[in-house]
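**Student:** A single structure is presented below for examination.
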Amino acid sequence: MDSMTEDTQMAASTLLVSSQGKKDAIVVSLAAVGPQIDSRDPVLTAESSSIDADHSTTQSPQNQNHVPTYQHNLPDRSLLPNERNNRDQYRLKCVPLQKAALTGNSLEAITLLGDVPRRMLRTAITEEDQTILHVATGARQVGFVEEIVKLMEPDDLRLQDRKGNTAFCFAAADGSLEIAKLMLHKTPDLPTLRGALNMLPLYMAALFGRTEMTKFLYDETKSHLTDQDLADLFFKSINTDLYDIALKLLEHQPELAVTRNEHDDTALHVLARKPSSMFALRKMKFLHNRELMVSSQALELVKCLERAIEAQQMDIGELIKKPSNLLFDAAKSGKFEFLAELVRSYPYLVNFLDEQDRSIFHIAILHRHTNIFSLIYEIGFDKEEVEMMVQPSLRETKNADGRTPRELFTIEHKELLESGEIWMQSTATSCMVVATLIATVVFSAAFTVPGGNNDKTGTPIRLVETSFHVFAISDAIALSSSSISILMFLSILTSGYTEMDFRRSLPLKLMVGLWTLFISVIAMMVTFSSTFFLVYHDRSDSIPVLTFMFVSVPITLFVILQCPLLRDILFTTCRSRFLPMLAK
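If you read the sequence shown in the UniProt record's numbering, its first letter stands for residue 1, the second for the next number, and so on.
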């Protein structure tokens, strides 16, 4: 980030490494204790430094010009080593306490605290001025913290380390909700005590994406938050995907919709740069419950921002133009759900052009996001959607190279069109061969009925049996469905393979052809099974059963192999048709 110093950049990098093995990293550090011992907690130090670095990117008049180095509520530093003194005392008293706190050995810690435990509880045991409570909180030793807090007075929990963080700040940043509640029971004002760079524990929780902790602390401190606190928390919640918190903040203070951060971005600008997956709603719920929930909240936040902007009587066109036009940012990254929501509420936004006279159509195609183009082009073909969304002439707007969106689309996807034609022809040819074979087999089966015919009347001998009715019906279904399948695949082979054909006609024909082929395969197998039943059921019951089991295998394989193709065709075809309605 622009305002990061070299030291804070290094600290943030340290966090990425140490946070993967938090406890191990600390224990290894302590195992190397020697004459030049540095027993500070590497993870918590890194977290604290990372917090400092990250928070420097938010607007705060209190923070921009002054970074506090020392706080007034520091613990007793008498046991910390200086240049020549206290080395032995530090090694004998502080290091064992650190190990006990890291491992959760409360009995050992109470023994080490001595007859006057409160003195040691208020003493710094690391060179970062962290107390035993800081270290235990960072190691998530809930039981240890509970025992230590019982020995402390309320003011002891307010002690800060060198960077100004209380142990409660560590609990907030680490998402240790149980530890936070233990501390809060002893000292209720801890959530309002600011830590490094004047940050509230609430902000630290949001910074590290601690969802439950952020919700808890917001409820505890919302009456104490300043306008700047709300703005910082609002943008940080969006950055870390805590959209439910952002929605609460926006409901509490609608002006946040038009507030800008230190980069002059609004919330809509920040959302426009989020990953496309944040707005992708078409996921299988049983596989992606968490992603689906976050995606829904992201789109809901966009809608709430639109309503809040309208309530503020702001021109959204002017609002989104600077520092960069978020429409083009979203088009470049393929966020068509995000764009659809904006354009649905503000149709005139599609008229915006960039410095090269390119619309969002051109941008989407240049970056190969055909879903955006398909969405808006589909809307443009519907009369009612045209009136609501876009001027008809806009589809013919030319860019700086003199090309319309349609011309640019055709050029960019010429190779894709050719490969699609080859694939469609080969698929239709193969499937038509299978359908023709099925039609031939079931046609001949109709004239060679099982059991033979009556010599006098010419009617089938087993005509009155139920199995024969099943045979006749399934044979007729197989013949008719295979014939339809042949016609569909023949129609595909004689198609002109234009862009519009690939948009609706060819996918629908392929779907109908595959479905009817599937039905004909099933009907043919039923015909075959019923024939075996008519011939052998008087002699053996096991033969028809075994026959049915065997013929079910190719049917199952056909379903497994063809369903993914059918699903993809159905999904892409229906998406092109119904996306405008989904955007409402």
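Don't be surprised by glycine CBs; every beta carbon is placed ideally from N, CA and C.
As the structure is a prediction and not an experimental result, all values here were calculated from the model.
Under 8 Å by Cβ, that's how I've got I569 and P507 pegged, so tell me the actual separation to the nearest angstrom.
**Tutor:** I569 to P507, Cβ: 5 Å. Contact.
**Student:** Applying the criterion that 16 or more other CB atoms from any shown protein chain within 10 Å of the CB defines a buried residue, is L107 buried or exposed?
**Tutor:** exposed
**Student:** Between the C-alpha atoms of F336 and A330, what's the straight-line distance to the nearest angstrom?
**Tutor:** Using only the alpha carbons, I get a separation of about 8 Å.
**Student:** Could you check which residue in V302, E147, S483 has the C-alpha nearest to that of C431?
**Tutor:** If you compare the alpha carbons of V302, E147, S483 with that of C431, the shortest gap goes to S483.
**Student:** Applying the 10 Å Cβ sphere with the 16-neighbour rule, what's the burial state of Y218?
**Tutor:** buried
**Student:** Would you give the residue range spanned by the alpha helix (DSSP H) that S345 belongs to?
**Tutor:** Segment 336-345, the alpha helix (DSSP H) holding S345.
**Student:** Can you tell me whether I316 is buried or exposed, with buried defined as 16 or more other CB within 10 angstroms of its CB?
**Tutor:** buried
**Student:** Between which two residues does the alpha helix (DSSP H) containing E212 stretch?
**Tutor:** 211-221
**Student:** With distances taken from CA atoms, which of K321, Y243, D88, H367 is nearest L353?
**Tutor:** K321
**Student:** Please state the DSSP three-state secondary structure of D88.
**Tutor:** helix
**Student:** Classify F571 as buried or exposed, calling it buried when 16 or more other Cβ atoms lie within 10 Å of its own Cβ.
**Tutor:** By the neighbour-count rule (16 or more Cβ atoms within 10 Å), F571 is not buried but exposed.
**Student:** Could you tell me if E318 is buried or exposed, where buried requires 16 or more neighbouring beta carbons within 10 angstroms of its beta carbon?
**Tutor:** Residue environment: E318 is assigned as exposed (fewer than 16 neighbouring CB atoms within 10 Å of its CB, all protein chains considered).
**Student:** Helix, strand or coil for T111, going by three-state DSSP, please let me know.
**Tutor:** helix
**Student:** Return the residue from the list M524, V135, G195, H224 that minimises the CA-CA distance to I179.
**Tutor:** V135
**Student:** Would you list the one or two residues that DSSP bridges to D76?
**Tutor:** T123
**Student:** Tell me the rounded alpha-carbon separation between M488 and G513.
**Tutor:** 5 Å
**Student:** So, are the CB atoms of S444 and S485 less than 8 Å apart?
**Tutor:** no
**Student:** Excluding the five sequence neighbours on either side, which residues of its own chain have a C-beta within less than 8 Å of the C-beta of S505, listed in chain order?
**Tutor:** S495
**Student:** Answer with buried or exposed for A311, where buried requires no fewer than 16 other C-beta atoms within 10 angstroms of its C-beta.
**Tutor:** When all chains shown are included, A311 counts as exposed.
**Student:** Quick check on the burial criterion: 16 or more other C-beta atoms within 10 angstroms. Buried or exposed for residue 590?
**Tutor:** In the structure as shown, the chain starts at 1 and stops at 584, and residue 590 therefore has no counterpart that could be examined.
**Student:** E465 by DSSP, collapsed to three states: which one?
**Tutor:** coil
**Student:** Assign L566 to one of three DSSP states: helix, strand, or coil.
**Tutor:** helix
**Student:** From the DSSP output, in three-state form, read off R303 for me.
**Tutor:** In the sequence as presented, Arg is not what sits at residue 303; that position holds Lys. Residue state, collapsed to three classes: helix.
**Student:** Between R140 and S176, is the Cβ-Cβ spacing less than 8 Å?
**Tutor:** yes
**Student:** Can you name, in chain order, every residue of its own chain whose Cβ lies under 8 Å from the Cβ of P254, other than the five neighbours on each side?
**Tutor:** A308, A311, Q312
**Student:** Would you decide whether C563 is buried or exposed? Buried here means 16 or more other CB atoms lie within 10 Å of its CB.
**Tutor:** exposed
**Student:** Looking at the secondary structure, which residues open and close the alpha helix (DSSP H) in which G175 lies?
**Tutor:** DSSP places G175 outside any alpha helix (DSSP H), giving it a letter other than H or E.
**Student:** Keeping to the same chain, check which residues put their C-beta closer than 7 Å to that of A171; ignore five residues upstream and five downstream.
**Tutor:** T137, I179, A180, M183, listed in sequence order.
**Student:** Does the beta-carbon of N239 have 16 or more other beta-carbons within 10 angstroms, so that it is buried, or is it exposed?
**Tutor:** buried
**Student:** Would you decide whether N399 is buried or exposed? Buried here means 16 or more other CB atoms lie within 10 Å of its CB.
**Tutor:** buried
**Student:** Considering Cα atoms alone, identify which of T123, P188, D232, S223 is closest to Y203.
**Tutor:** Closest by alpha carbon: D232.
**Student:** Closer than 6 Å by C-beta to R162: which residues in its own chain qualify, once you throw out the five before and the five after it? Chain order, please.
**Tutor:** E128, D129
**Student:** Starting from N239, trace the alpha helix (DSSP H) in both directions and tell me its first and last residue.
**Tutor:** 227-239
**Student:** In terms of residues, what are the limits of the alpha helix (DSSP H) holding A435?
**Tutor:** 414-445
**Student:** So is E153 buried or exposed if we call it buried at 16+ other beta carbons inside 10 Å?
**Tutor:** exposed
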